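Worksheet for the structure shown next.
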Amino acid sequence: RSDAESPYSWGANTSIKEIYENPALNAALRRFMDENGLAWENVLTTYEYTAKDSVSLMLKNAGCSDEAFAEFMETLRQMRHLKP
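Heads up: the sequence shown begins at 543 in the working numbering, then just goes up one per residue.
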């Protein structure tokens with residue numbers, strides 16, 4: 543699977559909880575949401591009620607385009623050096 547995660551990276555199946563609670567990933571997601579006109583409230587609601595939902599599901603529900611989604615997946619892959 544191209545979106546598979548390893549202990550060394552994040553991907554489409556990474557939970558909102560993990561992204562929200564990691565300061566660098568949270569900042570990257572906030573920037574991405576702002577740049578793409580997506581409401582941050584989508585992240586907050588997902589984190590509060592269904593924190594184990596994947597980032598891909600949350601972005602799809604927020605109305606993220608396929609092109610923008612691919613861009614954010616690349617951002618996550620590039621941040622793999624931050625993974626503990």
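Beta carbons: idealized from backbone N, C-alpha and C, even for Gly. What you are looking at is a predicted structure, and each value in this text was computed from that prediction instead of being measured.
Going by the DSSP bridge assignment, what does Ser596 pair with across the sheet? Beta-bridge analysis with DSSP links Ser596 to Ser557.
Near Glu547, which residues of its chain fall below 7 Å by C-beta distance, leaving aside the five closest residues on each side in sequence? At Glu547 the pLDDT is 45, less than 50, meaning the model places this residue with poor confidence and gives no usable figure here.
Output the distance between the C-alpha atoms of Glu560 and Ala610, rounded to the nearest integer angstrom. Cα-Cα distance, rounded: 20 Å.
Excluding sequence positions up to five away, which residues of its chain have a Cβ less than 7 Å from the Cβ of Leu580? Leaving aside the five residues that flank Leu580 on each side, the residues in its chain whose CB is nearer than 7 Å to its CB run, in chain order, Ala604, Gly605, Cys606.
For Leu571, does the count of other Cβ atoms within 10 angstroms reach 16, so buried, or fall short, so exposed? Buried, because 16 or more other Cβ atoms sit within 10 Å of the Cβ of Leu571.
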